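First up is the structure itself, then whatever we jot down about it.
In my numbering, the protein residues as written are 4 to 247.
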């Protein structure tokens with residue numbers, strides 16, 4: 004006969020719940036989260052095939068399972084390492100600023116007036132941390148002064164991009180993938196514009212570009228580059244990005 008539900012059972016359930024929740028928080032900040040959801044969908048299909056006795060589908064899944072396990076380890080290797088590091092370091096609570104949009108706009112206006120090139124990406128649902136791995140990790144609150152300093156200097160971070168997540172500048176000196184769609188506009192668009200469009204083609208980020216040659220402002224989103232736009236349109240795009 005069962006001994007019934009004991010306090011140890013409650014403790015067991017709480018430990019499992021904490022482990023699952025912490026695992027979710029560790030993976031949700033990386034692009035591997037989208038891959039993980041894909042694996043979850045495949046697992047659901049396998050369970051459905053087993054439940055309904057779909058012999059052919061189940062046979063394929065059973066044969067592919069060992070290879071899939073190795074694939075998971077390979078795909079998530081960077082995230083697993085980072086997760087273990089974050090567990091060891093712990094995670095603190097940080098204050099949240101009211102609205103980073105005015106700070107970003109102030110920096111963009113000043114950089115454009117001074118004709119200092121800039122590349123700023125605001126993260127949406129697709130994590131951008133992988134693009135900042137070759138640069139420097141900051142984790143600093145968004146401020147116009149810091150953004151201007153990063154792009155006004157002639158140091159190693161000047162030519163890269165800045166990544167912003169919510170109210171934090173997470174990375175500087177980030178490298179974005181270059182788009183191949185601007186061949187016909189090469190005379191008016193340099194590497195920064197190609198990088199902005201390249202990132203917008205593979206993520207849902209809003210990327211703002213300040214031209215060093217002309218002092219104009221452009222932005223890229225959803226695979227589309229809007230060039231030489233007014234400050235009001237940049238502000239509207241930022242408001243939409245932060246309205247999610």
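For every residue, glycine included, the Cβ atom is placed at its ideal position computed from N, Cα and C. Note that the coordinates shown come from a computational prediction; the quantities given were computed from them, not determined experimentally.
message: Within 10 Å of its beta-carbon, does residue 210 have 16 or more other beta-carbons around it, so buried, or fewer, so exposed?
response: Locating residue 210 in the chain shown gives position 207, where the first residue counts as 1. Buried, by the Cβ-count rule.
- prompt: Thinking just about the alpha-carbon of each residue, which of 136, 128 and 151 is nearest to the one in residue 106?
  reply: What you label residue 106 is simply residue 103 of the chain shown in a count that begins at 1. Checking every option, the nearest Cα to that of residue 106 belongs to 151.
query: How far does the beta strand (DSSP E) with residue 225 in it reach, from first residue to last?
result: Here residue 225 is taken as the residue at index 222 of the chain shown, counted from 1. First-last for residue 225: undefined, no H or E at that position.
- request: Quick one: residues in its chain with C-beta nearer than 6 Å to the C-beta of residue 95, no 5 flanking neighbours on either side, listed in chain order?
  value: Along the chain shown, one-based indexing puts residue 95 at 92. Residue placement at residue 95 is flagged as unreliable, the pLDDT there being 46, under the threshold of 50; the coordinate-derived value follows with that caveat. Once the five neighbours on either side are set aside, residue 95 has no close Cβ partner at all.
- request: Let me know if residue 8 comes out buried or exposed under the rule of 16 or more other beta-carbons within 10 Å of its beta-carbon.
  value: Numbered from its first residue, the chain shown carries residue 8 at position 5. Residue 8 sits exposed, since fewer than 16 C-beta atoms from the chains shown fall within 10 Å of its C-beta.
task: Tell me whether the beta-carbon of residue 234 lies closer than 8 Å to the beta-carbon of residue 66.
output: Start at 1 with the first residue of the chain shown, and residue 234 comes out as number 231. Start at 1 with the first residue of the chain shown, and residue 66 comes out as number 63. At a Cβ-Cβ threshold of 8 Å, residue 234 and residue 66 do not count as neighbours.
field: Residues sharing a beta bridge with residue 164, DSSP
entry: Taking the chain shown and counting its residues from 1, one reaches residue 164 at position 161. Looking at the DSSP output, residue 164 sits in a beta bridge with 177.
task: Report the three-state DSSP secondary structure of residue 156 (helix, strand or coil).
output: Within the chain shown, the letter at position 153 stands for residue 156. The DSSP-derived three-state label of residue 156 is coil.
- prompt: What distance in whole Å lies between the Cβ atoms of residue 139 and residue 161, which are believed to be in contact at a cut-off of 8 Å?
  reply: Translated into positions along the chain shown, residue 161 becomes position 158. Translated into positions along the chain shown, residue 139 becomes position 136. Going by Cβ atoms, the distance from residue 161 to residue 139 rounds to 12 Å, so no, they are not a contact pair.
Own chain partners of residue 121 with C-beta closer than 6 Å, once the 5 adjacent residues on each side are dropped: The residue you call residue 121 lines up with position 118 of the chain shown. Within the same chain, residue 121 has close Cβ partners 114, 154 and 213.
- prompt: Closest by CA to residue 168, which one among 192, 48, 16 and 102?
  reply: For the purposes of this step, residue 168 is identified with residue 165 of the chain shown, where counting begins at 1. Answer by Cα proximity: 102.
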